[in-house]
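*Asks:*
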Amino acid sequence: MVEENQTVEELLLQALELVPTALAKARTAKGFTTRWRVIITRLEKIPTCLSDLSSHPCFSKNTLCREQLQSVLQTLKESIELVCVQEKQREGKLKMQSDLDSLSSKIDLTLRDCGLLMKTGVLSEVTPTPQQQQQDSETFSVRELLARLQIGHSESKRKALEQLVEVMKDDEKAVITAIGRTNVASLVQLLTSPSARENAASVICSLAESGGCESWLLSENALPPLIRLLESGTPLAKEKAVISLQRLSFSSSETSRAIVGHGGVGPLIELCKTGDSVSQAASASTLKNISSVPEARHSLAEEGIVKAMIDVLSCGILLGSKEYAAECLQHLTSSNEALRRSVVSENGIQTLLAYLDGPLPQESGVSAIRNLVNSVPPEAYDKIVHGLVHVLRAGSTGAQQAAASTICRMATSNETKRMIGESGCIPLLVRLLEAKGGGAREVAAQAIASLVTVPRNCREVKREEKSVASLVMLLEPSPSNSAKKYAVSCLAAVCSSRKCRKLMVSHGAVGYLKKLAEMEVPGSRKLLERIEKGRLKSFFSRK
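Residue numbering for the sequence shown follows the UniProt record's numbering, beginning at 1 and increasing consecutively.
(1) Along the chain, where does the alpha helix (DSSP H) that runs through threonine 412 open and close?
(2) Tell me, to the nearest whole angstrom, how far the beta carbon of cysteine 490 is from that of isoleucine 531; I am working on the premise that it is less than 8 Å.
(3) Just verifying my parser: in three-state terms, what is the DSSP assignment at glutamine 6?
(4) Mapping the DSSP letters down to three states, classify isoleucine 531 as helix, strand or coil.
(5) Between serine 478 and leucine 471, what straight-line distance do the alpha-carbon atoms span, to the nearest angstrom?
(6) Please work out which residues of its chain come closer than 7 Å, Cβ to Cβ, to aspartate 113, disregarding the five sequence neighbours upstream and downstream, and give them in chain order.
(7) Is it true that the stretch 438-453 meets the stretch 501-510, where meeting means three or more beta-carbon pairs spaced less than 8 Å apart?
(8) In three-state terms, what does DSSP make of glutamine 446?
(9) Helix, strand or coil: which one does DSSP assign to glutamate 231?
(10) Can you list, in chain order, the stretches of the alpha helix (DSSP H) that have 4 or more residues and sit fully within the stretch 352-421?
(11) Could you compute how far the alpha carbon of valine 273 sits from the alpha carbon of glycine 421?
(12) How do the stretch 231-245 and the stretch 277-288 stand: do at least 3 beta-carbon pairs fall below 8 Å, yes or no?
(13) Quick one: grab the DSSP three-state call for isoleucine 179.
(14) Taking just the CA atoms, how far does glutamine 189 sit from leucine 146?
(15) Measuring straight from C-alpha to C-alpha, what distance separates glycine 212 and alanine 222?
(16) Look at the alpha carbon of glutamine 280 and the alpha carbon of leucine 318, and state the distance between them as a whole number of angstroms.
(17) Considering only the beta carbon of each residue, do alanine 196 and leucine 161 sit closer than 8 Å?
(18) Is it the case that the Cβ atoms of valine 488 and lysine 466 are separated by a distance below 8 Å?
(19) How should cysteine 328 be labelled, buried or exposed, when 16 other C-beta atoms within 10 angstroms of its C-beta is the threshold for buried?
(20) Going by other Cβ atoms of all chains shown within 10 Å of its Cβ, with 16 needed for buried, is glycine 31 buried or exposed?
(21) Quick check on the burial criterion: 16 or more other C-beta atoms within 10 angstroms. Buried or exposed for glutamine 74?
(22) Whole angstroms are fine: how far does the CA of leucine 187 sit from the CA of glycine 180?
(23) Quick one: measure Cβ to Cβ for isoleucine 310 and glycine 348, integer angstroms, because I've assumed they're closer than 8 Å.
(24) Compare the Cα-Cα distances from serine 210 to each of Ser497, Thr182, Ala178 and report the closest residue.
(25) Does DSSP put proline 477 in a helix, a strand or coil?
(26) Enumerate in chain order the residues of its own chain whose CB-to-CB distance from cysteine 446 is below 7 Å, with the five nearest sequence positions on each side excluded.
(27) Could you tell me the alpha carbon to alpha carbon distance between glutamine 350 and threonine 333, rounded to whole angstroms?
(28) Where in the UniProt domain "DUF7032" (14-122) do unbroken runs of the alpha helix (DSSP H), each at least 4 residues long, occur, reported from the N-terminal end onward?
(29) Do leucine 50 and glutamate 78 come within 8 Å of each other at the CB atom, strictly closer than that value?
(30) So, do the stretch 370-387 and the stretch 398-414 have three or more beta carbon pairs nearer to each other than 8 Å?
(31) Could you pull out every residue in the same chain whose Cβ sits closer than 7 Å to the Cβ of valine 175, ignoring the five residues on either side in sequence?
(32) From which residue to which residue does the alpha helix (DSSP H) around asparagine 199 run?
(33) Could you tell me whether the Cβ atoms of alanine 326 and alanine 282 are closer together than 8 Å?
(34) So serine 71 packs on threonine 110, CB below 8 Å; how close in whole Å?
(35) Would the beta-carbon of leucine 428 fall within 8 Å of that of arginine 393?
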């Protein structure tokens, strides 16, 4: 009778009847004693394994049980046939050794698959009641496919993976919800299979993007095969692999260090040069995440990260890629003088300034320039200030705050302060005093305080209509208001103006300064005395 037409019970009976025959044959085999002894030990375990499997309530209804029994029968027949082949000496010694090892592996796989069918609980799940079948048949089919990723030979796993990818196109959530750690391990193993790795990479990418499987992917050692895909995978496999690495590199600095340790930096940089828009953006993002780990920066530099990021910043396909590159350069230049010099020598300042001239200059680009200002000659300051003015006019609050912070860092000499004042920065800094973010207001006040030591700049602050009112508001004596000391310095600089003193009084500066004097904020008591002295002179002059 053909196996396909037999019932599950008939297949079970046939397998149980064949085991003694296979054992008897194996025990009569001559030569290769050690290998046959291993095979005999494994054959002896089959009856118990089949007994456990057949005791399941859903044994007779489950397609996986039928396939497993067919696999057992095939393996038993191969065992009997191999004894006959050896007896007739139809194969060479090396070929026979290979065949015996293959048979041993097949029996071991059969035993393992039987155990997995019992452990996964899939036997019950793929044979639902009629009512369940009507309501939730898709979920059960997903679980069966996931079980098939763990059992059988590579071709059956490949077919199951193909079907799983098709299911995910319609209901990705159902697959992600059903996946467990053992399924993740199977998917990671399939990343190394030439015929399955593209689909495996697609599923793993979805898992990484879901945000709930990072720990499983990392514990199952997914990083090395994902990195190898960057080197030799198809374009789609590379894209899915690099997106997975991007998501995983967000999880922790340990993951970033592991990507470096497994040789991931070189392939990521290469993908920045040759990848499509999606792959380039994901590669740049991954490298940006790695660059946030200080101890990884030396390895990045050795692989040519500086030139690669400057190239992306200059010619990136997507605006997002350029932003990631700017963030990466910001990280690289935050504490390492050698890397700063490298960025400057690779034309990094000019590239960053060109990036800032875009429609929406980002904080990361300005912060990178701030890190570099002490590593460039003063003659380059004029162009930098021009870029900062554009940011103060058109950038986000974060970018404006970074621009004001850069001005503070640059304003170290009267000549530079005059140049900054002549660029038109001061009205923009005054406007930043009204920003919603306290950090932006503080750094704007700090920048103005550093500039008003030059008389021309001080006069410009006095001319700004809202400058005094905004600075007075920053005198608020709350301990969390760290801008008050800079506001005191700015108001002290413009206090020589009678108009400014009157504005200070009308906006409540006296009350604030009394509290600040009690708190011993530097300069507050002296400023209070000057204001009150001016009020007294004004009183007597009216009399």
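Ideal placement from N, C-alpha and C gives every residue a C-beta, glycine not left out. Note that the structure is predicted; figures quoted are calculated from it, not measured.
*Replies:* According to the structure shown:
(1) Taken as a continuous stretch (DSSP letters only), threonine 412 belongs to no alpha helix (DSSP H), as it is neither H nor E.
(2) No, cysteine 490 and isoleucine 531 are not in contact; Cβ-Cβ is about 14 Å, not under 8 Å.
(3) coil
(4) helix
(5) 15 Å
(6) Gln68, Ile151, Gly152
(7) no
(8) helix
(9) Correct three-state label for glutamate 231: helix.
(10) 363-372, 381-394, 397-410
(11) The residue asked about is misnamed: residue 273 is lysine in this sequence, not valine. Roughly 41 Å separates the two Cα atoms.
(12) yes
(13) coil
(14) 14 Å
(15) 15 Å
(16) 9 Å
(17) yes
(18) In this structure, valine 488 keeps its C-beta atom at 8 Å or more from the C-beta atom of lysine 466.
(19) buried
(20) exposed
(21) exposed
(22) 11 Å
(23) 5 Å
(24) Ala178
(25) coil
(26) Going by the sequence as given, residue 446 is glutamine instead of cysteine. Once the five neighbours on either side are set aside, the close Cβ partners of glutamine 446 are Cys408, Tyr486.
(27) Using only the alpha carbons, I get a separation of about 15 Å.
(28) 33-43, 46-54, 63-87, 93-120
(29) No, Cβ-Cβ distance for glutamate 78 and leucine 50 is not below 8 Å.
(30) With a cut-off of 8 Å, the stretch 398-414 and the stretch 370-387 count as touching, because enough Cβ pairs lie within range.
(31) Cβ neighbours of valine 175 beyond the five flanking positions: Val142, Leu164, Val167, Met168.
(32) 197-210
(33) no
(34) The beta-carbon separation of serine 71 and threonine 110, rounded to 6 Å, stays under the 8 Å limit for a contact.
(35) Yes, these two residues count as a Cβ contact at 8 Å.
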